Every structure is written in structure tokens, then in C-alpha cells.
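*Asks:* Each protein sequence line maps, in turn, to chains S and B. Take the first sequence: its position 71, counting from 1, is numbered 203 in my numbering, and each next residue is one higher. Take the second sequence: its position 278, counting from 1, is numbered 1548 in my numbering, and each next residue is one higher. C-beta: ideal position from N, C-alpha, C; glycine also. Keep in mind that this is a model prediction, so the values were computed, not measured. Dropping the structure in here first, questions after.
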Amino acid sequence: MARAQQDYDDIPGTFVFDAERSRQGYGINMFCMSLMKDENRKAFKANEAEYLKKFNLTPAQTDAILKRDYNRMLELGGNIYFTAKLGATDGHSFQHLAALMTGSSQQDYAAMMLSGGRSVEGNRSRSGKGKPAKSKSNKSKSKSKSSAKRK
Amino acid sequence: MAKIIAGVGSSHVPAIGAALDNGKTEEPYWKRVFSGFEKSKRWMANTKPDVAIVVYNDHASAFSVEMIPTFALGCAAEFPPADEGWGPRPVPVLKGHPALAAHIAQSVILDEFDLTIVNKMEVDHGLTVPMNLLFGTPKEWPCPVIPLAVNVVMYPPPTGHRCYMLGRAIRKAVESYPEDLKVVIFGTGGLSHQISGPRAGLINSKWDKSFLDNLTKDPKKLTRIPHLDYMREAGAEGIEMVMWLIMRGALDDKVDEVYRFYTVPASNTAVGHIILENRRKAANKSKRPPAAKNRQAAARKSAHRIASKGQR
Chain S
133 MARAQQDYDD
143 IPGTFVFDAE
153 RSRQGYGINM
163 FCMSLMKDEN
173 RKAFKANEAE
183 YLKKFNLTPA
193 QTDAILKRDY
203 NRMLELGGNI
213 YFTAKLGATD
223 GHSFQHLAAL
233 MTGSSQQDYA
243 AMMLSGGRSV
253 EGNRSRSGKG
263 KPAKSKSNKS
273 KSKSKSSAKR
283 K
Chain B
1271 MAKIIAGVGS
1281 SHVPAIGAAL
1291 DNGKTEEPYW
1301 KRVFSGFEKS
1311 KRWMANTKPD
1321 VAIVVYNDHA
1331 SAFSVEMIPT
1341 FALGCAAEFP
1351 PADEGWGPRP
1361 VPVLKGHPAL
1371 AAHIAQSVIL
1381 DEFDLTIVNK
1391 MEVDHGLTVP
1401 MNLLFGTPKE
1411 WPCPVIPLAV
1421 NVVMYPPPTG
1431 HRCYMLGRAI
1441 RKAVESYPED
1451 LKVVIFGTGG
1461 LSHQISGPRA
1471 GLINSKWDKS
1481 FLDNLTKDPK
1491 KLTRIPHLDY
1501 MREAGAEGIE
1511 MVMWLIMRGA
1521 LDDKVDEVYR
1531 FYTVPASNTA
1541 VGHIILENRR
1551 KAANKSKRPP
1561 AAKNRQAAAR
1571 KSAHRIASKG
1581 QR
């Protein structure tokens, strides 16, 4: 079933964890929650595909988890506070996940944060300008119409 | 009579807790953050509240997706720190105030805020990090705590207006509690940040500054901000700033901003902090000239008028 269009779908680079995604992603999030226990982390690591069978996931969800495609997990109903537990199980820092999701190296991501973070300019609206800017250096290309109006 | 004397707004970035727990507070990156709370700790030590009400959100610790209460009030006698995957934070168990919590629950539910009552709950960094920032790292916390967990993880969180009005109802509840207690209320989370998706790393300092300005001067304006604007302007996770409006709603209309601190970043987040005092506290101390007292009396009256209206 197609997802109903929401006003916040216009925010670029953002998967809002709403009631619909919460319903759809219940299995992903319960799987991630199970990783709070050491014995479960070990069982998952021993045979990932087998362990995932316990959570009533769709093939696409299973695939996203096995591939550690964090954006896809969010799109299919995962929530970041939950999927971060999978990252921790893999031994990654949160910044590693953030860099992965933004398509940048951890070093570049860390440097962006230190220099004040990703600017909202050019990152407010999809409809206003098309694709989200990948980093601050792209922002001049993509001025959002709605951003000008919002001030 | 119990009384809310002040409100504290503070970010609750988990990495701040990790920096404390791993002895990194003297590193320049973290010193920049912690130095901003030195004055606040002194303020708190002088203020000596009898109870702290801490509005915060759980991050997949006490609540998974099995139950998602919008407002959950901690009425237990104690709240242990949660294991968030690295073992529980080495902070003291928080003592609750079950009597005042039960009183608040009864009062605000009859005021039409349908709270969930929680009699067993672990609390995560959302609550323990602001406690550390304001109380330091004592062996025992100096006062009992009433946690109020707000769902800001699954969209939609309660609206800013709803949060503000709940703050009003909490204030009314506290003021009808017979024991003389000084209460400080915390609003935590934020400020701008997004930690999910390709837009992760978003920070909007201009928005944050305006939010802090209006929190002091014109909180009603903030109650009209739609969720879409929070998410667009302050990041998908920046929406947790609505929790600050519960704190603000529990204060007088006119407050004194006694302290503010802002720095970017701590981990992926803009750190914001503010301390707001109700003026009647100052009035009770008789520090102000009579003319100012009259103005405060008028402000108090209008605050009560708004509170009793119940709606905008």
C-alpha cells in the first residue's frame, strides 16, 4: 500500500517516524531493541539471517538490516534511536552512523559539526528546490523558495 | 503550599553523559560545554529545591515501540538509571516523590490531561544528563525527582500548545499541594539537531536563539509553532523542544531570565540552556521596590486568568 502523502515529506533528507512508519517498522524496532541483551547480540552475530526470522520482517526490511542500509531502515519504519542499537552492536560510534546516512566520511561529518553543523539554508524544502544538499558546500546551488518565505 | 519557583531548560545530549562518565570533561571540546554550566550549578546549590520535576523523553530505554505513552508521570519511590547498551550510567538512583507525584496525577487528570501513571521505570540520559549538568556528580542526588516522560520519538508528539497548557495544569497542581515545598521544573532536550537520514547534522542557531528569546519574553508565540516548522527548521529530532514549553507553562507569564548558555556542537546537537525565575520569589524576598511589586501582582493576576481559562 502506498504511503499517504504528508506535509513533512517535503523536508529533504528526512524520514519522519510517524504512526504509519511505526506500524510498518515494528519488527525492525523490536529487533533492534532485542540487541540490548548480550545473549541476543551474540545470537544475531552468529547467524544474522536466521536471527532476523524471529521478527516478522518483510524481505526488504531484512535486506536493509543485513546490508546495514540505515536510510532504508528508516524509510521502512525503523527509528534512529532503535537502529542506533544495531550500530552499537557492530561496534560503531553514533557519528559513524550519521556519516553513513549522510553519505560522507566520518572525518568530513565531524568537521561539518565542528564548524557549526549542516546549514538549514537550502535544506528546508524538497518542493522549493529539488534534492537535499549533501553538505554545506552545496548550499549555494540550492536556494529554497520556501525558506525565503518562512523568515 | 508547594510552589514552583524556577524553570530550567537544558539539552540532554547523551555524549555529555559519556564525557562525564569517561573522564573527558577537561578536554577542550567538552570543557567548552561544561564550563557553560558552572554558574548553573552554583545557582542550583543556592536555590536548593525540595523537589525537581524533570520533563524529558525516553530514547528506546524504558519504552520501546510496544507502548508509547504521550505523557508518562513517574510516581515511583525510585528510578534506577537505565542500561542503554553500555551498562547503566554510574549515577545515583533517583529518589522519587510519590506523594507529590500522585497529587499532580490526580489534579492534572481532572484538568483533562490524560496522563499515564508509571510506577516502575528506569530513566535514561534524557533525564540523568540534565541532572548532572545542574547538580554535578554527587554521591546522592540532593533532592527527589518526579520524571515526566513525553513521547517525542514517534510523530506526532503533543503540540507545543498542549505542552504549555500541561505546564499550567502542573503548576496549579503543585500550588494546591499542602506541604511547603520549593519546586524547580526542568524542560530538557534540543536544541536544533537532526540525527537521522541524509540531512543529519542540521543545526539552526538562528532558530535556537529566537526560541530562547521567546521562551523568556513571549512563550505564547512559541505555542503556535506547528510541528512541521520544528522539523524543517530545527531538525527531525529538534521537535523535542516542545518539552521546554511544559516547563515554561508551569512558570509565571513574566519571568526573569537569570542565565543562558548556548554552544554548538555537542556531538550532533546544539546545546541550549536557560534558567528562568518566577518573579514572585524575588517579591517574597522583598528585594524589589513597591512599584515593581505592583507590576508583579498584575502579572500574577493575568497569569492566573490565563491559567484558569484553560484554553488560548
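Under 8 Å Cβ to Cβ from M165 (chain S), same chain only, skipping five residues before and after it: list those, please.
*Replies:* Apart from sequence neighbours up to five positions away, the residues of its chain that approach M165 (chain S) with a beta-carbon distance below 8 Å are F214 and K217, ordered along the chain.
*Asks:* Per DSSP, which one or two residues make a beta bridge with Y1425 (chain B)?
*Replies:* S:D150
*Asks:* Measure the CB-CB distance between I1455 (chain B) and G1344 (chain B) and report whether it falls below 8 Å.
*Replies:* no
*Asks:* How far does the beta strand (DSSP E) with E1527 (chain B) in it extend, from its first residue to its last?
*Replies:* V1525 to A1536
*Asks:* Using 8 Å for Cβ pairs, my map puts M1391 (chain B) next to A1347 (chain B). What's the rounded Cβ distance?
*Replies:* So it is not a contact: roughly 11 Å between Cβ atoms.
*Asks:* Which of the three DSSP states is assigned to P1560 (chain B) in this structure?
*Replies:* Note that P1560 (chain B) has pLDDT 49, beneath the 50 cutoff, so the model's placement of it is unreliable and no number is given.
*Asks:* Would V1494 (chain B) be called buried (16 or more neighbouring beta carbons within 10 Å of its own) or exposed?
*Replies:* The question names Val, but residue 1494 (chain B) is Arg in the sequence shown. R1494 (chain B) sits exposed, since fewer than 16 C-beta atoms from the chains shown fall within 10 Å of its C-beta.
*Asks:* So, is Q138 (chain S) buried or exposed, given that buried needs 16 or more other C-beta atoms within 10 angstroms?
*Replies:* exposed
*Asks:* For T1539 (chain B), list the residues DSSP reports as bridge partners.
*Replies:* Answer is B:A1536.
*Asks:* Any chance you could list the alpha helix (DSSP H) runs of at least 4 consecutive residues sitting entirely within the stretch 1326-1398 of chain B, in chain order?
*Replies:* 1368-1380
*Asks:* Report buried or exposed for R1312 (chain B), applying the criterion of at least 16 other Cβ atoms within 10 angstroms of its Cβ.
*Replies:* exposed
*Asks:* Compare the C-beta of R1226 (chain B) against all C-beta atoms of chain S and say whether one is closer than 8 Å.
*Replies:* A question about residue 1226 (chain B) goes unanswered here, because the residues of chain B that appear run from 1271 up to 1582.
*Asks:* Excluding the 5 residues preceding and the 5 following A196 (chain S) in the sequence, name in chain order all residues of the same chain whose CB lies nearer than 7 Å to its CB.
*Replies:* Around A196 (chain S): R204, M205 and L208.
*Asks:* Please return the same chain residues whose Cβ sits closer than 8 Å to the Cβ of A1540 (chain B), not counting the five positions on each side in sequence.
*Replies:* Answer for A1540 (chain B): S1281, G1460, L1461, S1462, H1463, I1473, N1474, S1475, D1478, Y1532, T1533 and V1534, listed in chain order.
*Asks:* Quick one: is the Cβ of N203 (chain S) within less than 7 Å of any heavy atom of the ligand NAP?
*Replies:* The model on display carries no ligand, and the ligand NAP is accordingly not part of it.
*Asks:* Which runs of the alpha helix (DSSP H) spanning at least 4 residues fall entirely within the stretch 1489-1521 of chain B, listed in chain order?
*Replies:* Counting only runs of at least 4 residues, the stretch 1489-1521 of chain B fully encloses the following alpha helix (DSSP H) elements, listed from N- to C-terminal order: 1489-1493, 1497-1504 and 1512-1519.
*Asks:* Of all the options B:P1489, B:N1389, B:A1288 and B:P1408, which has the alpha carbon lying nearest to the alpha carbon of A1369 (chain B)?
*Replies:* B:N1389
*Asks:* Would you say M1227 (chain B) faces chain S, with C-beta separation under 8 Å as the test?
*Replies:* Examination of residue 1227 (chain B) is not possible in this model, given that chain B is present from 1271 through 1582 alone.
*Asks:* Quick one, which residues of the stretch 1470-1482 of chain B are near chain S if we go by CB-CB under 9 Å, in chain order?
*Replies:* A1470, G1471, L1472, I1473, N1474, S1475, K1476 and W1477
*Asks:* Report yes if the CB atom of T1429 (chain B) is closer than 8 Å to the CB atom of M1513 (chain B), and no otherwise.
*Replies:* no
*Asks:* Starting from the beta carbon of Y183 (chain S), find every residue of chain B whose beta carbon is closer than 9 Å, and list them in chain order.
*Replies:* Per Cβ cutoff of 9 Å: no residues; Y183 (chain S) is ~17 Å from chain B at best.
*Asks:* Can you tell me the Cα-Cα spacing of F1349 (chain B) and A134 (chain S), whole angstroms?
*Replies:* Rounded to whole angstroms, F1349 (chain B) to A134 (chain S) spans 42 Å at the Cα level.
*Asks:* Answer yes or no: does any C-beta atom of chain S fall closer than 8 Å to that of S1281 (chain B)?
*Replies:* no
*Asks:* Would D139 (chain S) count as contacting chain B if we go by Cβ distances under 8 Å?
*Replies:* yes
*Asks:* Work out the CA separation of I1374 (chain B) and G145 (chain S) for me, nearest whole Å.
*Replies:* 41 Å
*Asks:* What do you reckon, are the CB atoms on N211 (chain S) and N172 (chain S) nearer than 8 Å?
*Replies:* no
*Asks:* Tell me, which residues are paired with S1280 (chain B) by DSSP?
*Replies:* B:T1458 and B:H1543
*Asks:* Are there 16 or more other CB atoms within 10 angstroms of the CB of S1466 (chain B), so buried, or fewer, so exposed?
*Replies:* buried
*Asks:* Under 7 Å Cβ to Cβ from L1290 (chain B), same chain only, skipping five residues before and after it: list those, please.
*Replies:* N1402 and T1407
*Asks:* For the stretch 190-221 of chain S, list every residue whose C-beta sits within 7 Å of some C-beta in chain B, in sequence order.
*Replies:* N203, L206, N211, I212, Y213, F214, K217 and A220
*Asks:* Per the contact definition of three or more C-beta pairs closer than 8 Å, is the stretch 1372-1387 of chain B in contact with the stretch 1439-1455 of chain B?
*Replies:* yes
*Asks:* Let me see if you follow: with CB-CB separation under 8 Å, is D1384 (chain B) close to chain D or not?
*Replies:* In the structure shown, chain D does not exist; the protein chains are S and B.
*Asks:* Say whether the stretch 188-195 of chain S touches the stretch 1353-1364 of chain B, bearing in mind that this needs 3 or more beta-carbon pairs closer than 8 Å, one atom from each stretch.
*Replies:* no
*Asks:* Between P1468 (chain B) and chain S, is there a C-beta pair that is closer than 8 Å?
*Replies:* yes
*Asks:* To which residues of the same chain is E180 (chain S) closer than 7 Å at the C-beta, ignoring the five residues directly before and after it?
*Replies:* L198
*Asks:* Hey, out of B:P1414, B:N1316 and B:F1333, whose CA is closest to V1363 (chain B)'s CA?
*Replies:* For the options B:P1414, B:N1316 and B:F1333, the alpha carbon positioned closest to that of V1363 (chain B) is the one of B:P1414.
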